[in-house]
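Protein chains in written order, with the numbering used here: chain A, 1 to 164; chain B, 1 to 164; chain C, 1 to 164; chain D, 1 to 164.
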């Protein structure tokens, strides 16, 4: 999860690497599905190594969706689709920050999901740790994210859905 | 689309064959994702020939979902998820009838989607033809459904998303 | 509940009378809130006698809403708001028919709500009686609707929310 | 907007005063509608002076709703109803903080709504100012909130819906 229009070039570059790394492990990349920003970059990274990508779209058609989203869930529910993105994910990795992204982190915490804050500033980390306590983890780079996901999987066994 | 609890054994048998036939053509089977009725049977049929299946779930977790749904979209929006199922589909095939199913057909017509009514009674066909006109087609068996989908694809070119 | 753009002049006239009659009894008129069709006419009727009106809007702002909706619930969820209209109502009265209206009747039945079909044709009545059984009642005019609502209230005691 | 179960006694006391003050000015109090926490207290305050209250409920029935919500909008959409609460409001006043509340603030900013943070700590204020810039205002007590609402109304003219 991360900003669309307001994503920085750095956000997008890291999102691409993150998408690649997630897909390499056989995990599915699910995003908000739009054609720009962190969403698009992460799915592009996943596609680069043959991974499976899902875009949960806000509009009532797929016109502004990313070509890197293989499966397009068309919700027609605007920002209410952020809840669906969160509920359909096993772990939420957050890169960059904007209002829509913040709502996803908050909804993830509300829904008792694990959240990994990647490359976030001190204020953001402290705010979400205050409301999310143990659900909120912090990572400084893509390797740390992957390590934390593996750690979560080892403990919870339930396991993320894998894509063969 | 079709009934859950109220599906007849006949509905389920035909749904299984329909799921198989759809998957054989490389198309994705998307249903309401629950573990019984037409939803489950259609996905089971698709899985039987190695097809890809998506379940758009009503609850806020995947506890009552079908094991035949490979990709589980968790909406937490109850019957409002019926709109998402419809908007995310290229063509809606309807088998069996119940209140939830009827809402999906109505929402599909409202959203200008193509609807194929499979094995429906005269009252149902006349009701939906009255409100849906050209969007509503009728089929008597799985072969007719597949023929109509191919016909739709040939005309619209846009093409259903294929799964390789 | 009833059609917007596709409402006939007759539908709108009866909707106005229905809105008046409902409001006169101190009950709230809740509709889809748009500025035309049965929705607008019913709220206009209610306002004519000083009743309270609620519009549950599909868009993410209130730009196309009826000026006769005193309370505007802005959902931003398109046709998914039909579920909210239904769940927030005690009794659903249906006048005229179109795809959106049909989805409301189906969702009302699915949600175990009482539905009164006003002035509907034989096909519509038989279709919804088939899927809704005892939940579906039929009325030929506004007086019959009011009588049925009173009957429902007398039996269920719970009572509709009254507006003083 | 504010926490339910996790509201402090102080939050609830201020919410009651805030609800009273809002209602005294003829404005409607809209909350998440549940029977506890800031939601219930604010509506109780409004009712204390004869104000109009609306509860936008998460469940598919009104069983756990506050008796202080006169108008109950039943969404059946869980936390996705937070978007509806926000879109249906002219100004969002936030008292106390929890995950659900944070999602409402974020969705309000995303939807270009004015947000007043009442009695929030430094971290919370800085986080939401970072993502919401000019949309986010800060107030230390109920009087400041009322002053800011009046100021907003004077500038925007559009005016909040008043309840006579």
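In this text, a Cβ means the ideal position worked out from N, Cα and C, and glycines have one as well. All values derive from a computational prediction rather than experimental measurement.
Within chain A, partners of residue i - CB distance below 9 Å
{"i": "residue 80 of chain C", "result": "75, 76, 77 and 80"}
Beta-carbon gap between residue i and residue j smaller than 9 Å
{"i": "residue 56 of chain C", "j": "residue 88 of chain C", "result": "yes"}
{"i": "residue 45 of chain C", "j": "residue 22 of chain C", "result": "yes"}
{"i": "residue 76 of chain A", "j": "residue 83 of chain B", "result": "yes"}
{"i": "residue 118 of chain A", "j": "residue 144 of chain A", "result": "yes"}
{"i": "residue 3 of chain D", "j": "residue 78 of chain D", "result": "no"}
{"i": "residue 60 of chain A", "j": "residue 33 of chain A", "result": "no"}
{"i": "residue 136 of chain C", "j": "residue 125 of chain C", "result": "yes"}
Neighbouring residues, chain A, relative to residue i (Cβ below 8 Å)
{"i": "residue 60 of chain C", "result": "78"}
{"i": "residue 84 of chain B", "result": "73, 74, 75, 76, 77 and 84"}
CA-to-CA distance, residue j to residue i, given in whole angstroms
{"i": "residue 72 of chain A", "j": "residue 7 of chain A", "result": "22 Å"}
{"i": "residue 130 of chain A", "j": "residue 14 of chain A", "result": "26 Å"}
{"i": "residue 29 of chain A", "j": "residue 9 of chain A", "result": "20 Å"}
{"i": "residue 74 of chain D", "j": "residue 155 of chain C", "result": "23 Å"}
{"i": "residue 96 of chain C", "j": "residue 123 of chain C", "result": "13 Å"}
{"i": "residue 133 of chain C", "j": "residue 81 of chain B", "result": "24 Å"}
{"i": "residue 41 of chain B", "j": "residue 16 of chain B", "result": "5 Å"}
{"i": "residue 20 of chain C", "j": "residue 138 of chain C", "result": "20 Å"}
{"i": "residue 11 of chain B", "j": "residue 35 of chain B", "result": "15 Å"}
{"i": "residue 150 of chain C", "j": "residue 27 of chain C", "result": "11 Å"}
{"i": "residue 153 of chain B", "j": "residue 24 of chain B", "result": "16 Å"}
{"i": "residue 68 of chain D", "j": "residue 148 of chain B", "result": "55 Å"}
{"i": "residue 109 of chain D", "j": "residue 94 of chain A", "result": "18 Å"}
{"i": "residue 47 of chain A", "j": "residue 53 of chain A", "result": "7 Å"}
{"i": "residue 62 of chain D", "j": "residue 5 of chain D", "result": "18 Å"}
{"i": "residue 85 of chain B", "j": "residue 58 of chain B", "result": "10 Å"}
{"i": "residue 128 of chain A", "j": "residue 121 of chain D", "result": "13 Å"}
{"i": "residue 98 of chain A", "j": "residue 64 of chain C", "result": "29 Å"}
{"i": "residue 142 of chain D", "j": "residue 43 of chain C", "result": "35 Å"}
{"i": "residue 31 of chain D", "j": "residue 31 of chain A", "result": "30 Å"}
{"i": "residue 140 of chain C", "j": "residue 140 of chain B", "result": "36 Å"}
{"i": "residue 37 of chain A", "j": "residue 70 of chain A", "result": "17 Å"}
{"i": "residue 102 of chain D", "j": "residue 102 of chain A", "result": "8 Å"}
Neighbouring residues, chain C, relative to residue i (Cβ below 9 Å)
{"i": "residue 88 of chain D", "result": "57, 62, 71, 72, 73, 74 and 75"}
Amino acids of chain B, ordered along the chain, whose beta-carbon sits closer than 7 Å to that of residue i
{"i": "residue 54 of chain A", "result": "71"}
Neighbour list for residue i in chain D, Cβ cutoff strictly below 7 Å
{"i": "residue 106 of chain A", "result": "99, 102, 103 and 106"}
{"i": "residue 131 of chain A", "result": "97, 98, 99 and 102"}
{"i": "residue 109 of chain A", "result": "99"}
Assumed close pair residue i, residue j - CB separation to whole angstroms, cut-off 8 Å
{"i": "residue 1 of chain D", "j": "residue 104 of chain D", "result": "5 Å"}
Under 9 Å from the C-beta of residue i: neighbouring residues of chain B
{"i": "residue 114 of chain C", "result": "Per Cβ cutoff of 9 Å: no residues; residue 114 of chain C is ~13 Å from chain B at best."}
Chain-ordered neighbours of residue i on chain C, where CB pairs are closer than 7 Å
{"i": "residue 127 of chain B", "result": "123, 124 and 127"}
Residue i CB to nearest heavy atom of the ligand SAM below 8 Å
{"i": "residue 154 of chain C", "result": "For the structure depicted, the ligand SAM is absent and the ligand set is empty, with no information on it obtainable."}
Does the region 89-98 of chain C come within contact of the region 112-126 of chain C, defined as at least 3 CB pairs closer than 8 Å?
yes
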